[in-house]
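Worksheet: one structure, shown below.
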Amino acid sequence: MTDMPQTPASDTENSQIWDPALRAFHWLLVLAVVGGWLLGHFGPLKMTLHFWAGYTVIALLLFRLVWGVIGPRNARFASFIKGPGAVIAYARTLGARKASGAAGHNPLGGWSVVALLAVLAAQVATGLIVDPEDYINTGPLAEQVSADWNRWALGMHHKLGVVLLVLVGLHVGAIFFYRFWKREDLVTPMITGRKRR
Ligand code: HEM
Ligand code: HEM
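Be aware that the sequence shown starts at 2, since it is given in my numbering, and climbs by one per residue.
Given below as structure tokens:
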């Protein structure tokens, strides 16, 4: 007999990988970002709602920053932001037709999370100081910065809207790739919190 620590079989086979707060964060973020994006495009009459969707995203991002430091292990940035060595080693295994087995974000997925959060932060920051000089759709902090910054923010806010669309497309594409190529279901754990491993 060895002294190996014993883990109940049910824990290793079907363990919780995403905590409830992180799951709520994710699905609320999806609602607020999709809603905000559509309202941004189909404004300007819906701009007040667009702003509220944006404020929701700001609150969610602030929560995620805190959770990334004090949250459970898989939510912590330190647990999934990996150096180039780990990313390259993982990328080499990407084509293999088998599940990654990752108990949280894999090294490549970790950076896609950082990219999504960073672009969202830039999107809301530029939104706050946008001034299209139409006296309607002016960001609430536009007067705090110069007209040059207002114009720069306007261009960036529009461009970032496209970047976000591409990133979300890649994000959902990656989930499909895992589901159908690697036969790994990532969506159920983001709903129930639990992953069969
Ligand atoms: C506007 C659309 C979306 C945004 C902005 C978004 C953003 C994110 C972010 C930031 C994370 C990282 C979670 C964290 O640790 O904080 C994440 C993870 C995840 N998202 Fe989304 N998401 C979007 C749409 C979707 C959709 C439509 C699905 C389902 C098809 C989905 C499924 C997932 C899954 C399964 C994960 C976990 C991936 C893993 O196992 O590493 N997301 N998403
Ligand atoms: C993740 C959050 C956000 C997303 C996805 C988003 C997206 C968009 C999009 C797609 C547009 C239309 C751009 C175009 O016509 O090409 C837009 C316009 C605009 N957004 Fe946002 N936005 C967000 C947050 C915010 C926030 C927080 C504010 C300010 C409180 C804001 C203020 C504006 C304003 C003032 C415009 C109109 C600019 C114009 O008239 O051209 N946005 N946004």
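All C-beta atoms in this analysis are idealised placements derived from N, C-alpha and C, irrespective of residue type, glycine included.
Not one heavy atom of ligand 2 lies closer than 7 Å to the C-beta of G170. The shortest C-alpha to C-alpha distance from A79 to any of I89, L61, V115, G41 is the one to V115.
In summary, W28 is exposed, with fewer than 16 beta-carbon neighbours lying within 10 Å of its beta-carbon over all protein chains present.
The beta carbon of L129 lies closer than 7 Å to those of G140, P141, L142 in the same chain, with the five residues before and after it left out. For L165, the distance from the CB to the nearest heavy atom of ligand 2 is below 7 Å.
For the region 93–168, there is no continuous beta strand (DSSP E) assignment of 3+ residues that stays within its boundaries. Rounded to the nearest whole angstrom, the CA to CA distance from F178 to K47 is 35 Å. Taking C-beta atoms under 8 Å as the contact rule, G37 and V58 qualify, at a distance of about 6 Å.
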